[in-house]
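J.: Have a look at this one before I ask anything.
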Amino acid sequence: MKQRIEDLDWKNLGFVYRDLPYRYEAKYKDGQWQEGKLVEASTLTLSEGAEILHYGQEIFEGLKAYRRKDGKINLFRPEQNAHRFTLSAERLAMPPFPEEQFVAAVKQVVLANQEFVPPYDSGATLYLRPFMVGTSNVLGVQAANEYTFRIFAVPVGAYIKGLNPAAYIVSDYDRAAYAGTGQAKTAGNYASSLLPSVEAHQKGYADCLYLDPREHKYIDEFGGANFFGITPEGQFVTPKSPSILISITKKSLLELAKKQGLNPVERQITLAEAFGMKEAGAMGTAAVISPVGSITYQGQKHVIYSEKETGPITTKLYQELVDIQYGNEEGPEGWVQEVSE
Ligand SMILES: *Cc1c(COP(=O)(O)O)cnc(C)c1O
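Each residue of the sequence shown is one higher than the one before, counting from 1 in the UniProt record's numbering.
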């Protein structure tokens, strides 16, 4: 059933699927992308032999549209999502979707559903979910030769309300293999993280923290967010690893950290070193930054900064990025794009 705007409570949206009026769809056939367009139907029709149902050719993205104070709508670095989508497509042997068209389609979907972009003061946003699946029939293991690309939109609340420190547990499982698909935003990585995250939730943790899959010594990332720490010397550090997804929030915070004199660096971070961080956080579009209150490993809890309060450096980085996203403050050139007709 279509979401009715009058049924929405902007302050309590949560992070759940809703069927909005319009989405964008383009199909790939005979070696090329067909012209895409806005469609109303939220359903996809697939053959039982469709590649995605058996061998998992799926990639996706996640980005947000922000309602500014003056009522206009911002996108934050959408060309970065378009480019990462290309990299994910290449890793999954899928045809890249033209990056300019990706950004144009995102804007089309925002405009078509613009009454669903939440008001500025609600703290909520319109989340965009571009994705692509292999649709042609396969039985032997092979890449599809037909694909569907879609972008749907959903109004979402602040993922984790405000800056509340969360408890994490180091997982015994791996999220992605060393030279696997960790750098691609693909369903398979999430499929393998479901059981670890269910188990973590059952034990009362917000999510898992994964170690590097080769030595289980260095921090990789959380289930759906990158890790950062502030060293005792006050340096912003974030893991360098071939099995993590390069977060656009991370890339952006690296730049802001540089401006704030935090001398940021991407390098390997051992678990032992992470326990001694002054502050730490999880970085991703959904929550921007979710502060790490504690990390539990082999039954022992290591508190980072505080389980109740967020550290000053984390708070400042968070506030600066959010202000740029909403257009309250000017960010680096090109970070924010206004969506207009
Ligand atoms: C999407 C995602 C992130 C966060 O990336 P952003 O571009 O900042 O949203 C981090 N890790 C994984 C595994 C992800 O899928």
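Think of the CB as a built atom: it goes at the ideal place given N, C-alpha and C, for glycine as much as any other residue.
Among the candidates Leu254, Ala184, Gln298, whose CA atom is the shortest distance from the CA of Tyr318?
T.: Cα-wise, what sits closest to Tyr318 is Leu254.
J.: So the beta strand (DSSP E) Ser290 belongs to, where does it begin and stop?
T.: Segment 288-297, the beta strand (DSSP E) holding Ser290.
J.: Roughly how many angstroms lie between the CA atoms of Phe152 and Val265, to the nearest whole one?
T.: If you take the alpha carbons of Phe152 and Val265, they lie about 35 Å apart.
J.: Give me the Cα-Cα distance between Tyr147 and Lys29, rounded to the nearest whole angstrom.
T.: If I take the Cα positions, the gap works out to 7 Å.
J.: Would you say Ser247 and Asn226 are within 8 Å of each other, going by their C-beta atoms?
T.: Closer than 8 Å, so yes.
J.: For Ala144, count neighbouring Cβ atoms within 10 angstroms of its own Cβ and tell me buried if that reaches 16, exposed if not.
T.: Counting Cβ neighbours within 10 Å, Ala144 comes out buried, since at least 16 surround it.
J.: Please state the DSSP three-state secondary structure of Asp220.
T.: Looking at Asp220 - three-state DSSP - the assignment turns out to be strand.
J.: Let's test the definition: count the other Cβ atoms within 10 Å of the Cβ of Ala179 and tell me whether it reaches 16, buried, or not, exposed.
T.: Classification of Ala179: exposed, given that the 10 Å Cβ count is below 16.
J.: Based on Cα-Cα distance, which residue from Lys217, Gly182, Ile73 lies nearest to Gly223?
T.: Comparing Cα positions, the closest option is Gly182.
J.: Do you know offhand how far Ser193's Cα is from Arg175's?
T.: Straight-line Cα distance between these residues: approximately 6 Å.
J.: How close, in whole Å, do the beta carbons of Ala166 and Gly293 come, if the pair is a contact with beta carbons under 8 Å?
T.: Contact holds; Cβ gap of about 6 Å.
J.: Which class does Val103 belong to by DSSP, given the choice of helix, strand or coil?
T.: Reduced to three states, the DSSP call for Val103 is helix.
J.: Counting C-beta neighbours from all protein chains within 10 Å, is the total for Asp9 16 or more, i.e. buried, or is it exposed?
T.: The residue is exposed, with fewer than 16 neighbouring Cβ atoms inside 10 Å.
J.: Would you grab the beta carbon distance between Ser243 and Asp207 for me? Rounded to a whole angstrom, and I think it's under 8 Å.
T.: Incorrect: roughly 17 Å between the Cβ atoms, too far for contact.
J.: Could you give the first and the last residue of the continuous beta strand (DSSP E) run that contains Asn74?
T.: That run of the beta strand (DSSP E) goes 73-76.
J.: Between Thr315 and Phe76, what straight-line distance do the alpha-carbon atoms span, to the nearest angstrom?
T.: Spanning the two alpha carbons is a distance of roughly 20 Å.
J.: Hey, Glu61 and Pro155 are a contact pair by Cβ (cut 8 Å); roughly how many whole angstroms apart?
T.: Not really, about 18 Å apart at Cβ, beyond 8 Å.
J.: Look at the alpha carbon of Phe15 and the alpha carbon of Tyr190, and state the distance between them as a whole number of angstroms.
T.: Going from the Cα of Phe15 to the Cα of Tyr190 covers about 17 Å.
J.: With distance defined between alpha-carbon atoms, name the residue in Tyr173, Ala177, Gln298, Thr125 nearest to Ile73.
T.: Of the listed residues, the one whose Cα sits closest to Ile73 is Thr125.
J.: Report the start-end ranges of each beta strand (DSSP E) in the region 41-127 that is 3 residues or longer and not cut off at the edges.
T.: Entirely contained in the region 41-127, the beta strand (DSSP E) runs reaching 3 residues are, in chain order, 58-60, 63-67, 73-76.
J.: Can you tell me whether Lys107 is buried or exposed? The criterion is at least 16 other CB atoms within 10 Å of its CB, across all chains shown.
T.: Burial call: buried.
J.: For Arg267, count the other beta carbons within 10 Å of its own beta carbon; 16 or more makes it buried, fewer makes it exposed. Which is it?
T.: Label assigned to Arg267: exposed.
J.: If we call anything under 8 Å between Cβ atoms a contact, is Tyr230 one with Glu279?
T.: Tyr is not the amino acid found at residue 230; the sequence shown has Ile there. Yes, Cβ-Cβ distance for Ile230 and Glu279 is below 8 Å.
J.: Which residue marks the beginning of the alpha helix (DSSP H) containing Glu320, and which one marks its end?
T.: Counting along the chain, the alpha helix (DSSP H) containing Glu320 begins and ends at 312-325.
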